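Undergrad: Read top to bottom, the protein sequences are chains G and V. When we follow numbering that gives the first Met the number 0, the leftmost residue of the first sequence carries the number 0, and every step to the right adds one. When we follow numbering that gives the first Met the number 0, the leftmost residue of the second sequence carries the number 0, and every step to the right adds one. Note that CB positions come from ideal geometry on N, CA and C, so glycine has one too. Keep in mind that this is a model prediction, so the values were computed, not measured.
Protein chains: 2
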Amino acid sequence: MGPGTPARRATIEDVAARAGVSRAAVSKVLRDAYGVSDSMRERVTAAMAELNYRPSIAARAMRGRTYTIGIELPDLANQFFTRIVRGATSALEGTPYQIILAPAETGSRLGYRALEALVDRQVDGLIAVSPRVDEDALERIAASVPLVMFGRLDTSDRYDVVAGDDLGGARLALQHLFDLGHTRIAHLTLPREDPDAPYPHSGRLREYLAAMAARGLEPEVWGTQDGADAAYRTTREAIDRGTRATAVFAAHDELAFGAMRALSDTGADLSVIGYDDVAMASHPGIGLTSVDQPGERMGARAVEMLLERIAGRSTAVREVFEASLKPRASTRPPRD
Amino acid sequence: MGPGTPARRATIEDVAARAGVSRAAVSKVLRDAYGVSDSMRERVTAAMAELNYRPSIAARAMRGRTYTIGIELPDLANQFFTRIVRGATSALEGTPYQIILAPAETGSRLGYRALEALVDRQVDGLIAVSPRVDEDALERIAASVPLVMFGRLDTSDRYDVVAGDDLGGARLALQHLFDLGHTRIAHLTLPREDPDAPYPHSGRLREYLAAMAARGLEPEVWGTQDGADAAYRTTREAIDRGTRATAVFAAHDELAFGAMRALSDTGADLSVIGYDDVAMASHPGIGLTSVDQPGERMGARAVEMLLERIAGRSTAVREVFEASLKPRASTRPPRD
DNA sequence: GTGAAAGCGCTAACAG
DNA sequence: CTGTTAGCGCTTTCAC
Numbered sequence: 000m001g002p003g004t005p006a007r008r009a010t011i012e013d014v015a016a017r018a019g020v021s022r023a024a025v026s027k028v029l030r031d032a033y034g035v036s037d038s039m040r041e042r043v044t045a046a047m048a049e050l051n052y053r054p055s056i057a058a059r060a061m062r063g064r065t066y067t068i069g070i071e072l073p074d075l076a077n078q079f080f081t082r083i084v085r086g087a088t089s090a091l092e093g094t095p096y097q098i099i100l101a102p103a104e105t106g107s108r109l110g111y112r113a114l115e116a117l118v119d120r121q122v123d124g125l126i127a128v129s130p131r132v133d134e135d136a137l138e139r140i141a142a143s144v145p146l147v148m149f150g151r152l153d154t155s156d157r158y159d160v161v162a163g164d165d166l167g168g169a170r171l172a173l174q175h176l177f178d179l180g181h182t183r184i185a186h187l188t189l190p191r192e193d194p195d196a197p198y199p200h201s202g203r204l205r206e207y208l209a210a211m212a213a214r215g216l217e218p219e220v221w222g223t224q225d226g227a228d229a230a231y232r233t234t235r236e237a238i239d240r241g242t243r244a245t246a247v248f249a250a251h252d253e254l255a256f257g258a259m260r261a262l263s264d265t266g267a268d269l270s271v272i273g274y275d276d277v278a279m280a281s282h283p284g285i286g287l288t289s290v291d292q293p294g295e296r297m298g299a300r301a302v303e304m305l306l307e308r309i310a311g312r313s314t315a316v317r318e319v320f321e322a323s324l325k326p327r328a329s330t331r332p333p334r335d
Numbered sequence: 000m001g002p003g004t005p006a007r008r009a010t011i012e013d014v015a016a017r018a019g020v021s022r023a024a025v026s027k028v029l030r031d032a033y034g035v036s037d038s039m040r041e042r043v044t045a046a047m048a049e050l051n052y053r054p055s056i057a058a059r060a061m062r063g064r065t066y067t068i069g070i071e072l073p074d075l076a077n078q079f080f081t082r083i084v085r086g087a088t089s090a091l092e093g094t095p096y097q098i099i100l101a102p103a104e105t106g107s108r109l110g111y112r113a114l115e116a117l118v119d120r121q122v123d124g125l126i127a128v129s130p131r132v133d134e135d136a137l138e139r140i141a142a143s144v145p146l147v148m149f150g151r152l153d154t155s156d157r158y159d160v161v162a163g164d165d166l167g168g169a170r171l172a173l174q175h176l177f178d179l180g181h182t183r184i185a186h187l188t189l190p191r192e193d194p195d196a197p198y199p200h201s202g203r204l205r206e207y208l209a210a211m212a213a214r215g216l217e218p219e220v221w222g223t224q225d226g227a228d229a230a231y232r233t234t235r236e237a238i239d240r241g242t243r244a245t246a247v248f249a250a251h252d253e254l255a256f257g258a259m260r261a262l263s264d265t266g267a268d269l270s271v272i273g274y275d276d277v278a279m280a281s282h283p284g285i286g287l288t289s290v291d292q293p294g295e296r297m298g299a300r301a302v303e304m305l306l307e308r309i310a311g312r313s314t315a316v317r318e319v320f321e322a323s324l325k326p327r328a329s330t331r332p333p334r335d
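(1) Threshold first: 3 residues or longer. Then list the beta strand (DSSP E) segments lying entirely within the segment 48 to 118 of chain V, N to C.
(2) Check whether chain G comes within 8 Å of Arg30 of chain V, counting only Cβ atoms and requiring the distance to be less than that.
(3) In or out: Arg30 of chain V buried (at least 16 other Cβ within 10 Å) or exposed?
(4) Along chain G, in chain order, which residues have C-beta atoms closer than 9 Å to that of Ala255 of chain V?
(5) In this structure, how does DSSP classify Gly311 of chain V when only helix, strand and coil are distinguished?
(6) Please tell me whether Val14 of chain V has its Cβ less than 8 Å away from any Cβ of chain G.
(7) Going by DSSP, which residues form a beta bridge with Arg260 of chain V?
(8) For Met148 of chain G, which beta-bridge partners are listed by DSSP?
(9) Excluding the 5 residues preceding and the 5 following Arg17 of chain V in the sequence, name in chain order all residues of the same chain whose CB lies nearer than 8 Å to its CB.
(10) Using only alpha-carbon positions, find the residue among G:Gln224, G:Leu137, G:Trp221 and G:Asp159 that is nearest to Arg112 of chain G.
(11) Do the CB positions of Gly124 of chain G and Leu305 of chain G come within less than 8 Å of each other?
(12) With DSSP as the reference, label Thr288 of chain V as helix, strand or coil.
(13) Is it buried or exposed for Gly215 of chain G, if we count other Cβ within 10 angstroms and need 16 for buried?
(14) Considering Cα atoms alone, identify which of G:Arg139, G:Gln292 and G:Asp268 is closest to Ala278 of chain G.
(15) Going by alpha carbons, who is nearest to Ala310 of chain G out of G:Ile83, G:Val144, G:Pro199 and G:Ser129?
(16) Contact defined as beta carbons within less than 8 Å: I believe His181 of chain V pairs with Thr245 of chain V. What is the distance between those atoms, to the nearest angstrom?
(17) Does the pairing of the segment 249 to 259 of chain V with the segment 269 to 284 of chain V give three or more beta-carbon distances under 8 Å?
(18) Is the segment 228 to 246 of chain V touching the segment 257 to 266 of chain V, taking contact as three or more C-beta pairs under 8 Å?
(19) What are the start and end residues of the alpha helix (DSSP H) that includes Val28 of chain G?
(20) Going by DSSP in three states, Arg203 of chain V sits in which element: helix, strand or coil?
(21) Counting pairs of beta carbons, one from the segment 323 to 334 of chain G and one from the segment 25 to 39 of chain V, are three or more of them closer than 8 Å?
(22) DSSP on Ser36 of chain G, reduced to helix/strand/coil?
(23) Using a Cβ-Cβ cut-off of 6 Å (strictly less than) and excluding sequence neighbours within five positions of Gly3 of chain G, which residues of its own chain qualify?
(24) Going along chain V in order, which residues have a C-beta closer than 8 Å to the C-beta of Gly284 of chain G?
(25) Chain G beta carbons: is any one of them nearer than 8 Å to that of Arg414 of chain V?
(26) How should Gln367 of chain V be labelled, buried or exposed, when 16 other C-beta atoms within 10 angstroms of its C-beta is the threshold for buried?
(27) Assuming His175 of chain V is part of the alpha helix (DSSP H), what are its boundary residues?
(28) Quick one: Cα of Leu179 of chain G to Cα of Glu321 of chain G, how far?
(29) Whether or not the segment 68 to 78 of chain V and the segment 58 to 70 of chain G are in contact is what I'm after, with contact meaning three or more pairs of Cβ atoms, one per stretch, closer than 8 Å; do they touch?
(30) For the segment 81 to 101 of chain V, enumerate the residues whose C-beta is nearer than 8 Å to any C-beta of chain G, in chain order.
(31) Straight-line CA distance for Val28 of chain G to Arg22 of chain G?
(32) Just to confirm, is the Cβ distance from Ser129 of chain V to Tyr198 of chain V under 8 Å?
(33) Contact criterion: CB-CB distance below 8 Å. Does Asp195 of chain G meet it with respect to chain V?
(34) So which residues on chain G does Ala116 of chain V lean against when the C-beta distance must stay under 7 Å?
(35) Where does Tyr198 of chain G sit, in a helix, a strand or coil, going by DSSP?
(36) Which residues share a DSSP beta bridge with Ile184 of chain V?
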């Protein structure tokens, strides 16, 4: 690689010329296809190394694979999603596949643009993390690329699903609060959440409403925007409004962190429970009781499903992962 | 879009046929190129909409642009990096460019594979967030794609640089500790960090050593792995070893969080200061004093630099962002 | 076991 | 202002 080396990347043509074989031959070596003599493989491999050859993903894409798995993520600030990515990454180690992430922009049809961008880039498999996208759009996407829906509670025979047991998890959370003696429990969740929609938060809300109703208790839903800041403001407003709640069940840990901040600022003494058990929840300064979801295992499983689809499976698979309670200092018996 | 619609994506050919024009004409409309009549533009646009046409990124890549900006990230668990992404995303709003993220796998040559993956995918611009990659590799990459190095302290005329003022930031941190009366200050940083290397942590270490030396104080460097868990273990070991330090300056907030956990578990009373001021640092349960870096502005600026390069700039640019101290409860005068 | 050739969807230079 | 055409780098039959 002397100073005179052209900046241009080596192509399969260059490799073929160098090795004294045809382009097709090089392609076969590349794809480990049938019908290559050892001596040829050797020469070609040497030529590739000498030229620092790397196949063009774009050119490959025009014929088939890109060896790329795309993950659409709703919110990088939520550490639960990075657990998923970690699991997915480790499951892909040793394969020729590469993960790329597309963060969803905020706004309506959350995640649709990011999903589209990934499809446009012809990923070989797509993991969509609970996008607020209608089922038709997902079916359409699934028609052109293997798709794993993350956290989606509905079922389709076109795409696979990896989900947490949101109903069971919410039940654990509420049971924990009931056991401590709470009866006036608020639920902090995303705005205008529909308990019958197929989203994780919908399931948690549904179970919350059911559990409260089953005990003849009055539900109190605090609708907020996503993110700790919005949760902070919403919680403050509830306190300023003079809420009688003694505990708040946050739909995920980010929201719980915001709520805790508001409690600290106002001196209000409510118990808080979150969902996902992100790393910070167990920090001694925080001590947030949370419902754990095995994000790493879920991410790894999603990747496996994709690989199976790529390998030919055509039936839909759906796997639900159990949740478990991590009790900590943020939940305690009510004061009064 | 009836049930008989083929799953195949519409191509430029289909659009041309539908609109009764040539492929070239469609391409021109697509690229907003010179020489299209209003009536033609209208017909073509209508045809694209009817067919739900989306250009193939792969095919475009073979001729030039992919309208993709790639960001290589070392660690998703570190919330500072998500600040960068947030800034980059917002700066790209309204442009046809899409961001994709490639998380670096852990291991040696951290980030090199992710960078390569992005180059292979022919991104139009590349932001590399402090990869531990030698300068030659970066120069080589920069020869084929506009590159912004994030946090890199060296300079190249091939790529642009966005960096924080690590020396100034470290100086703020140490001055703060000195002002409080600390003299035995440990520095918690990555393993075998070389104070003369061009990485952000190297600069912080260099300034730490200089500041201690300037006051005739003995430096105490705690080398750890990246991540809060490793920082926890390292801090515990230092405490068990009976360190006489009264304060620890962590090279970033993640490490500081781990250190705080260890202090809490052992009951040791050391002051802790971090770097980056991620969101959790200001949480009342944490109250971590930290050196703030304007991650969002830095990310946005990096994207602008890339866009300028794409538009034709060929001179190198280097911009350094000031750091500022955020004093909180985690730093206080030494006990003895 | 190996090579020739077609074509994937698009852009850009050129001719009309 | 519009259409024709030549590739971009690769995979994949299909002959040899």
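TA: Taking the structure as given:
(1) 67 to 72 and 97 to 102
(2) As a first step, residue 30 of chain V is located in the second sequence; it is residue number 31 there, counting from the start. Chain G, which has no Cβ nearer than 8 Å to the Cβ of Arg30 of chain V, makes this no.
(3) Within the second sequence, residue 30 of chain V is the residue found at index 31, counting from 1. Exposed: under 16 other Cβ atoms inside 10 Å.
(4) For the purposes of this step, residue 255 of chain V is identified with residue 256 of the second sequence, where counting begins at 1. Result: empty, since nearest Cβ-Cβ is about 11 Å, beyond 9 Å.
(5) Position 312 of the second sequence, counting from 1, holds the residue named residue 311 of chain V. Coil.
(6) Reading the second sequence from its first residue, position 15 is the one you call residue 14 of chain V. For Val14 of chain V, the answer is no, since every Cβ of chain G falls outside 8 Å of its Cβ.
(7) One-based indexing of the second sequence puts residue 260 of chain V at position 261. Beta-bridge pairing links Arg260 of chain V to no other residue.
(8) Locating residue 148 of chain G in the first sequence gives position 149, where the first residue counts as 1. Partner(s): G:Ala127 and G:Val160.
(9) Along the second sequence, read from residue 1 onward, the residue named residue 17 of chain V stands at position 18. Ala46, Glu49 and Leu50.
(10) By one-based count along the first sequence, residue 112 of chain G stands at place 113. Closest option to Arg112 of chain G, Cα to Cα, is G:Leu137.
(11) By 1-based counting over the first sequence, the position of residue 124 of chain G is 125. By 1-based counting over the first sequence, the position of residue 305 of chain G is 306. Yes. Within cutoff.
(12) As a working note, residue 288 of chain V is residue 289 in the second sequence. If DSSP states are grouped into helix, strand and coil, Thr288 of chain V belongs with the strands.
(13) Looking up residue 215 of chain G in the first sequence gives position 216. Exposed: under 16 other Cβ atoms inside 10 Å.
(14) Your numbering for residue 278 of chain G matches position 279 in the first sequence. If we check each option's Cα against that of Ala278 of chain G, G:Gln292 comes out closest.
(15) The count along the first sequence starts at 1 and reaches residue 310 of chain G at position 311. The candidate whose alpha carbon is nearest that of Ala310 of chain G is G:Val144.
(16) Walking along the second sequence from the start, residue 181 of chain V turns up at place 182. Walking along the second sequence from the start, residue 245 of chain V turns up at place 246. Between Thr245 of chain V and His181 of chain V the Cβ distance is about 5 Å, and since that is below 8 Å, they are a contact.
(17) yes
(18) yes
(19) As a working mapping, residue 28 of chain G is identified with position 29 in the first sequence. Start and end: Arg22 to Arg30.
(20) Position 204 of the second sequence holds residue 203 of chain V. Note: Arg203 of chain V maps to helix in three-state DSSP.
(21) no
(22) Here the question's residue 36 of chain G lines up with position 37 in the first sequence. In this structure, Ser36 of chain G counts as coil in the three-state DSSP scheme.
(23) Counting from 1 along the first sequence, the entry for residue 3 of chain G is found at position 4. Only weak support exists for where Gly3 of chain G lies, its pLDDT of 35 falling under 50; the value from the coordinates is given anyway. Within the same chain, Gly3 of chain G has no close Cβ partners at all.
(24) As a working note, residue 284 of chain G is residue 285 in the first sequence. By Cβ distance, chain V contributes Met259, Ser263, His282, Gly284, Ile285 and Gly286.
(25) For residue 414 of chain V there is no data in the structure shown, the boundaries of chain V being 0 and 335.
(26) The question about residue 367 of chain V has no answer here: the residues shown for chain V are numbered 0 through 335.
(27) One-based indexing of the second sequence puts residue 175 of chain V at position 176. Segment Asp165 to Leu179, the alpha helix (DSSP H) holding His175 of chain V.
(28) Position 180 of the first sequence holds residue 179 of chain G. Position 322 of the first sequence holds residue 321 of chain G. In a straight line, the C-alpha of Leu179 of chain G is about 23 Å away from that of Glu321 of chain G.
(29) no
(30) Thr81, Val84, Arg85, Thr88, Glu92, Gln97, Ile98, Ile99, Leu100 and Ala101
(31) As a first step, residue 28 of chain G is located in the first sequence; it is residue number 29 there, counting from the start. As a first step, residue 22 of chain G is located in the first sequence; it is residue number 23 there, counting from the start. Cα to Cα, Val28 of chain G sits roughly 10 Å from Arg22 of chain G.
(32) Within the second sequence, numbered from 1, the residue matching residue 129 of chain V stands at position 130. Within the second sequence, numbered from 1, the residue matching residue 198 of chain V stands at position 199. Contact flag set, yes.
(33) Counting from 1 along the first sequence, the entry for residue 195 of chain G is found at position 196. No, because no Cβ of chain V sits closer than 8 Å to the Cβ of Asp195 of chain G.
(34) Against the second sequence, residue 116 of chain V aligns to sequence position 117. Near Ala116 of chain V (Cβ distances below 7 Å), the residues of chain G are Gln97.
(35) Position 199 of the first sequence, counted from the first residue, corresponds to residue 198 of chain G. Three-state DSSP puts Tyr198 of chain G in coil, outside helix and strand.
(36) Numbered from its first residue, the second sequence carries residue 184 of chain V at position 185. V:Ala246.
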